[in-house]
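Colleague: All residue numbers for the first sequence refer to this note's numbering, where the first residue is 541 and numbers rise by one.
Ideal Cβ positions, reconstructed from N, Cα and C, are used throughout, including at glycine.
Being a predicted model, the structure only gives us computed values, none of them experimental.
Got a structure for you, questions after.
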Amino acid sequence: MLGGAELSRAVPVRSEGGGFPDLPGASVGKVVLRMAPFPNGVLHIGHGRLLYAQEHYRERYQGKLLLVFDDTIGSEEKRVEPEFYDLILGDCDLAGVRPDAVYYKSDRLAAHYAWARRVIDKGGAYVCRCPADLLRENRAAGRACAERTQASGETLDEWEKMLSGGYAPGEAVLRLRTDLAEPDPAFRDRVLFRISDLEHPRVGRKYRVWPLLEFSWAVDDVELGVTHVLRGKELVIEDRMQRYVWDLLGVSGPPFLHWGLLRVREAKVAKSKTNREVRSGLYDGWADPRTWSLRSLDRRGISMDALRSFILSFGLSLSDIDVAAETLYAENRKRIDASTPRRAFVSDPVRLDIKDYPAGLHEISLPNHPDRPDMGQRTVAAGPSFYLARADVLAHLGTEIRLKDLLNVRLTDSAPSEDGALRAQFVDRENRRIPRLQWVGAQNAVPVDLLGVDGSHLTGLAEQSLAAARARDIFQFERVGFVRVDSGTKETDGPVRVVFGHP
RNA sequence: GCUCCCGUAGUCUAGUCCGGUCAAGGAUUCGGGGCCUUCGACCCCGUAACGCGGGUUCGAAUCCCGCCGGGAGCACCA
C-alpha cells in the first residue's frame, strides 16, 4: 500500500515487453525502424500498435525511428490529403513518439525509377497492356498475358514510353515476372508501377508513373537503411514481394515482423466516415470522441502513457485482438485515480426544497480526495434548496435518503410540484447506511455540459468549485466518472464544458 | 475457391522454439465479503483456460498428424 506522498509522484507504469521477441540479428545502437502512415486521416486508437510497437523497440535497442509518409499517388478512392501531414506529425508528438527523421515517399521517385531499371535489366519485369480486369482474370487463372514473353530490351522501350507519356492511365503497367504456377494467386506477377494523372499535393504533376507499396518499400527499406520492418499482418504478402525483388537484384534487405489486427470493441474506427463527419461539421473536429482518434483520447483525459501500456500488453502476437475499452480505462484509472479531485455533479437536475432544514447550515467543507487528506478541502454551498439528479430522486420517492456528507431527508412528494421542485422532510444528520445521493447546493450551482463518448451532450449542474476549473483539469464526478475540462471552455459565457473519460 | 497465418479462462497475456519445476502465472471483467460518507480506490475470497481427435514418450499446453474454428491476402489502394 502506497502512502499519499508516493502516489503523488508515482512513475508511469511501463511494460516489461514480455510479448515482444528479440529482433533477429539486432544489436543495441544499430537498429533502424520506420513507420509509414498514409496521409489520409488522423491517427486513432488502432494506430497505437504501430506507434508503440516501434517505440518499444527503438527504446529497447536505442535505435532510430523514421517516419516515412507513404504518400505515393494512391487511387481515386484513396487519395493523399495534404492536411494530414501536419496532423499526423502532431499525433506522433501527442503520443510521445518522436521520429528521428521524416521522409516522404513522394520525394523518392528517382530512386524507385532507378531500381525499376535494374529489375528490367535483369529481365525481371515486363510492361503489360492488359486492362485491369483482364489482368486480374489471367492472374486468377494462372494465364500469361501476351506481353509476358517480352525481352528486356523491349520492356525498356515500353517502360520509357510509360515514363514519357506514351500511355494513358490504365493502358500499361510494369509487372514483376514471378511464376504463373505460383500457388498463391496473390503473388502472381504483381504490378510494380502504374500510371496516374492525379495531382499530388506535394509534387503536383511532376510524375505520372508511380510505384506500388511493395516495390517502393523494396527500394526504400534498403536505401533508408531500415534494419527491421514491423508492420501489420495484412502486409505479409508484401514481405515476399520485397524479398523477391532483393533476391533478383542480389541485395539483402531487413527481416519482417508482424502484428495482428487490434479491435477495441467500443471503437468503431472508420477513417472515411470520420473525415466526412468532421468536414461536414457533424463531428466536433478531429478530437470528437466518436473518432477514437488519439486526439479524442487525450481530450477525454486518457493519457498516452495509459494507451502505451494497454498496447504493449498485447505484445507482437499475430493473433487478432478483440479487447474492451474497459481495459484501457483500467490502465488510465491506475494513473489518475489517486491524484484526481472529486466533485459533485448532477445530471438532469431537479430541485429539492427541504422542510425544517437545520438553521445555519449554509456551507460545508469536503475533502478533495477521500484517500488523500494532503490534497486539501473545498467549500461547497448547502441548503435549504438543492439540486439532485432526476433519476436518483425518482428512484427513491417516498423513502429516506442521505445527501452525501450532509444530512438525511425523507422524499415526501410523489411527484414534482408545478414549479418543478420536490419537497423533502429533514430527518437528521446522523450518518446512516441509507442510499447516498450526490447533490449540489442551489446557490452558486455551476451549469455543466458533459460531452459523452457517443457525442451526446448531457446538461447538469456541478458544485460551485467547478467555476474555477481550468481547461485540461481532470475531475472525478462522484458516481459518474472521470471527466476532463474541455479546452476553450472559458472563452464563452456558457456552461463549463467537460468531456467524459471513463467510469 | 486458392495461399498464408493464428487458436491458453468472458477478454488480453505469460509459458510453446530447448517436453517434466504448469494439477498452468499475471492483468482485466464478473460474483461474494471488508473498508471508505462515490456506482471510484484499496484489501480479502471466489468462479473461470491449454479448440477437438489421434500419435510419439515414463511424461505433452509444449513434438508429429488429422480435423474444427477464426483471421488476412488474392487492387493498376496503403
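Assess contact between the stretch 961-975 and the stretch 902-914, defined as three or more Cβ pairs (one per stretch) separated by less than 8 Å. Is contact present?
Modeller: no
Colleague: Determine the direct distance from the alpha carbon of Tyr-747 to that of Glu-739, and round the result to whole angstroms.
Modeller: Position 199 of the first sequence, counting from 1, holds the residue named residue 739. Position 207 of the first sequence, counting from 1, holds the residue named residue 747. When rounded, the distance between both Cα atoms is 9 Å.
Colleague: Three-state secondary structure (DSSP) at Cys-632?
Modeller: Position 92 of the first sequence holds residue 632. Three-state DSSP puts Cys-632 in a helix.
Colleague: What residue range does the alpha helix (DSSP H) around Phe-755 cover?
Modeller: Stepping through the first sequence from its first residue, residue 755 is reached at position 215. 753-763 is the span of the alpha helix (DSSP H), which, as asked, contains Phe-755.
Colleague: For a quick check, are the C-beta atoms of Val-1044 and Arg-1024 less than 8 Å apart?
Modeller: Because the chain in this structure spans residues 541 to 1043, residue 1044 falls outside the shown range and cannot be described.
Colleague: Would you mind sorting Gln-690 into buried or exposed? The rule is 16 or more other CB atoms within 10 Å of its CB.
Modeller: Taking the first sequence and counting its residues from 1, the one referred to as residue 690 is at position 150. Under this definition Gln-690 is a buried residue.
Colleague: To the nearest angstrom, how far is it from the Cα of Gly-509 to the Cα of Asp-640?
Modeller: The structure shown has nothing for residue 509, since the chain only spans 541 to 1043.
Colleague: For Glu-546, count neighbouring C-beta atoms within 10 Å of its own C-beta (all shown protein chains included) and say buried if the count is 16 or more, exposed if not.
Modeller: Looking up residue 546 in the first sequence gives position 6. A caution first: Glu-546 carries a pLDDT of 25, below 50, which makes its placement in the model too unreliable to give a value.
Colleague: If contact is defined by three or more beta carbon pairs under 8 Å, each pair taking one atom from either stretch, is the stretch 800-813 in contact with the stretch 596-616?
Modeller: no
Colleague: Assuming the contact rule is C-beta atoms closer than 8 Å, Thr-612 and Pro-751 should be a hit. Round their C-beta distance to whole Å, please.
Modeller: Reading the first sequence from its first residue, position 72 is the one you call residue 612. Reading the first sequence from its first residue, position 211 is the one you call residue 751. Their Cβ separation, rounded to whole angstroms, is 6 Å, which keeps Thr-612 and Pro-751 in contact under 8 Å.
Colleague: Taking all protein chains shown into account, decide if Glu-778 is buried (16 or more other Cβ within 10 angstroms of its Cβ) or exposed.
Modeller: The residue given as residue 778 occupies position 238 in the first sequence. With 16 or more Cβ atoms within 10 Å of its Cβ, Glu-778 is classed as buried.
Colleague: Rounded to a whole number of angstroms, what is the C-alpha to C-alpha distance between Gln-1004 and Leu-928?
Modeller: Here residue 1004 is taken as the residue at index 464 of the first sequence, counted from 1. Here residue 928 is taken as the residue at index 388 of the first sequence, counted from 1. The straight-line gap from Cα to Cα measures roughly 14 Å.
Colleague: So if DSSP puts Leu-1001 in a beta bridge, which residue, or which two residues, is it bridged to?
Modeller: Residue numbering aside, residue 1001 sits at position 461 when the first sequence is read from its first letter. DSSP lists Val-886 and Pro-987 as partners of Leu-1001.
Colleague: Give the secondary structure of Asp-994 by DSSP, where H, G and I count as helix, E and B as strand, and everything else as coil.
Modeller: Reading the first sequence from its first residue, position 454 is the one you call residue 994. DSSP places Asp-994 in coil when its eight states are reduced to three.
Colleague: With a threshold of 16 other CB atoms inside 10 Å of the CB of Val-695, please say whether the residue is buried or exposed.
Modeller: Translated into the one-based positions of the first sequence, residue 695 becomes position 155. It should be pointed out that residue 695 corresponds to Thr in this sequence rather than to Val. Buried: at least 16 other Cβ atoms inside 10 Å.
Colleague: Applying the criterion that 16 or more other CB atoms from any shown protein chain within 10 Å of the CB defines a buried residue, is Pro-889 buried or exposed?
Modeller: The sequence position of residue 889 within the first sequence is 349, counting from 1. That one is buried.
Colleague: Does the stretch 875-883 come close enough to the stretch 852-865 to have 3 or more Cβ pairs within less than 8 Å?
Modeller: no
Colleague: Per DSSP, Gly-1021 is paired with what?
Modeller: Taking the first sequence and counting its residues from 1, the one referred to as residue 1021 is at position 481. DSSP, once it has assigned bridges, lists Phe-1017 as partnering Gly-1021.
Colleague: How would you call Ile-974, buried or exposed, if buried means at least 16 neighbouring beta carbons within 10 angstroms?
Modeller: Position 434 of the first sequence, counted from the first residue, corresponds to residue 974. Classification for Ile-974: exposed.
Colleague: Based on Cα-Cα distance, which residue from Arg-730, Leu-649, Gly-710 and Ala-985 lies nearest to Asp-760?
Modeller: Numbered from 1 along the first sequence, position 220 holds the residue referred to as residue 760. Ranking the options by Cα distance to Asp-760, first place goes to Leu-649.
Colleague: Can you tell me the Cα-Cα spacing of Glu-817 and Thr-952, whole angstroms?
Modeller: Here residue 817 refers to the residue found at position 277 when the first sequence is read from its first residue. Here residue 952 refers to the residue found at position 412 when the first sequence is read from its first residue. The alpha-carbon atoms of Glu-817 and Thr-952 are separated by roughly 48 Å.
Colleague: Drop a sphere of 10 angstroms on the beta-carbon of Thr-814, count the other beta-carbons inside from all chains shown, and report buried for 16 or more, exposed for fewer.
Modeller: Translated into positions along the first sequence, residue 814 becomes position 274. Buried.
Colleague: Could you check where the beta strand (DSSP E) with Met-915 kicks off and where it finishes?
Modeller: By 1-based counting over the first sequence, the position of residue 915 is 375. Bounds of any beta strand (DSSP E) do not take in Met-915, whose DSSP letter is neither H nor E.
Colleague: Quick check: the Cα distance between Leu-1006 and Asp-989, rounded to an integer number of angstroms?
Modeller: In the first sequence, counting from the first residue as 1, residue 1006 sits at position 466. In the first sequence, counting from the first residue as 1, residue 989 sits at position 449. A straight line joining the alpha-carbon of Leu-1006 with that of Asp-989 spans about 12 Å.
Colleague: Which residue or residues does DSSP assign as beta-bridge partners of Glu-940?
Modeller: Position 400 of the first sequence, counting from 1, holds the residue named residue 940. Residue pairing from DSSP places Glu-940 in a beta bridge opposite Arg-950.
Colleague: Please state whether the Cβ-Cβ distance between Asp-860 and Gly-772 is less than 8 Å.
Modeller: In the first sequence, counting from the first residue as 1, residue 860 sits at position 320. In the first sequence, counting from the first residue as 1, residue 772 sits at position 232. Their beta carbons are not under 8 Å apart, which means Asp-860 does not touch Gly-772 by this criterion.
Colleague: Who are the Cβ neighbours of Val-776 in its own chain at under 7 Å, not counting the five residues just before and after it?
Modeller: Taking the first residue of the first sequence as 1, we reach residue 776 at position 236. Leaving aside the five residues that flank Val-776 on each side, the residues in its chain whose CB is nearer than 7 Å to its CB run, in chain order, His-798.
Colleague: Got a sec, what are the start and stop residues for the alpha helix (DSSP H) Ala-846 sits in?
Modeller: Here the question's residue 846 lines up with position 306 in the first sequence. That run of the alpha helix (DSSP H) goes 844-852.
Colleague: Within 10 angstroms of its Cβ, does His-587 collect 16 or more other Cβ (buried), or is it exposed?
Modeller: Taking the first sequence and counting its residues from 1, the one referred to as residue 587 is at position 47. By the 10 Å Cβ count, His-587 comes out buried.
Colleague: Do Leu-1044 and His-1042 have their C-beta atoms closer together than 8 Å?
Modeller: Lying outside 541 to 1043, the shown extent of the chain, residue 1044 is not represented and no answer is given.
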